[in-house]
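Heads up: the structure comes next, in structure tokens.
Residue numbers (the numbering used here): 10 to 244.
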């Protein structure tokens, strides 16, 4: 089957971008330049450019020009949360474990109105300095009601793996990060910061890969000066 001319042009231009002949933000070929370069009609040139726009490789601004896009469509990016201290100095304190059934959290965990979940509040310290406050919510079937003391849940990941055979590191999750300023007063108290300081608010919903049922929802508040991330593209 003969490949359409616009598709041949699109693939060749796409290859030039992928191989680094053009970089993000560079001015790209105009419609007239493509017509001249490939000796094709205006319709063919426009179609080739339109395909590249749809695939996220270029952007076109009327009256300004065509440019290589800053973010190619569906490019995989690795996100890393970098801790700025040694884990040897990290310590977790469990503040409370409470059984609840508030509608807002029931909805997040996709539980029925007559179901219950447990809220586990914890504070993490580095060199005795509190830097992150966690509120974790888990369906009650994943909490051992006969825990010997609240420190039993220092590590929720470990407890889920040891008690229920669930490795949260291997399950699906959705995480969001945003800056809260000013920080809520009760959070300032937990983290021992001034009300004039911001915090990083993180939410994370983990679900079992086998049935997509939520198993843990976490709200975390982290000191701004303990927050560092790294983004890395995968070739």
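Backbone N, C-alpha and C define an ideal beta-carbon position, used for all residues, glycine too.
Segment limits, beta strand (DSSP E) that includes residue i
i, result
"residue 99", "99-109"
"residue 185", "181-189"
"residue 19", "Where residue 19 is concerned, there is no enclosing beta strand (DSSP E), although the alpha helix (DSSP H) it sits in stretches over 14-27."
"residue 75", "74-77"
"residue 212", "208-216"
"residue 67", "67-70"
Residues bridged to residue i [DSSP beta-bridge criterion]
i, result
"residue 135", "99 and 138"
"residue 128", "107 and 146"
"residue 231", "141 and 209"
"residue 156", "Residue 156 is not bridged to any residue."
"residue 204", "Answer is none; residue 204 lacks a bridge partner."
"residue 226", "146 and 214"
Cβ-based burial, residue i [other Cβ within 10 Å; buried from 16]
i, result
"residue 237", "exposed"
"residue 131", "buried"
"residue 77", "buried"
"residue 143", "buried"
"residue 121", "exposed"
"residue 166", "exposed"
"residue 126", "buried"
"residue 240", "exposed"
"residue 18", "buried"
"residue 38", "buried"
"residue 16", "exposed"
"residue 70", "exposed"
"residue 27", "exposed"
"residue 168", "buried"
"residue 11", "exposed"
"residue 231", "buried"
"residue 202", "buried"
8 Å contact criterion, which residue i and residue j should meet: CB distance rounded
i, j, result
"residue 153", "residue 123", "Rounded, the Cβ-Cβ distance is 21 Å, inconsistent with contact."
"residue 63", "residue 139", "The pair is not a contact, with the Cβ atoms about 49 Å apart (cut-off 8 Å)."
"residue 66", "residue 23", "6 Å"
"residue 229", "residue 141", "6 Å"
"residue 40", "residue 50", "No, residue 40 and residue 50 are not in contact; Cβ-Cβ is about 11 Å, not under 8 Å."
"residue 159", "residue 101", "Incorrect: roughly 11 Å between the Cβ atoms, too far for contact."
Span of the alpha helix (DSSP H), counted from its first residue to its last, around residue i
i, result
"residue 168", "165-173"
"residue 36", "From DSSP, residue 36 is part of no alpha helix (DSSP H); its letter is neither H nor E."
"residue 200", "194-200"
"residue 112", "112-117"
"residue 50", "Element bounds for residue 50: n/a, residue is neither H nor E."
Beta carbon proximity, residue i to chain C, threshold 8 Å
i, result
"residue 191", "You won't find chain C in this structure, because it holds only one protein chain."
_Three or more C-beta pairs under 8 Å: does that hold for the stretch 136-151 against the stretch 215-234?_
yes
*With a cut-off of 8 Å, do at least 3 Cβ pairs link the stretch 64-78 to the stretch 25-45?*
yes
*Three or more C-beta pairs closer than 8 Å, one from the stretch 187-194 and one from the stretch 204-219: is that the case here?*
yes
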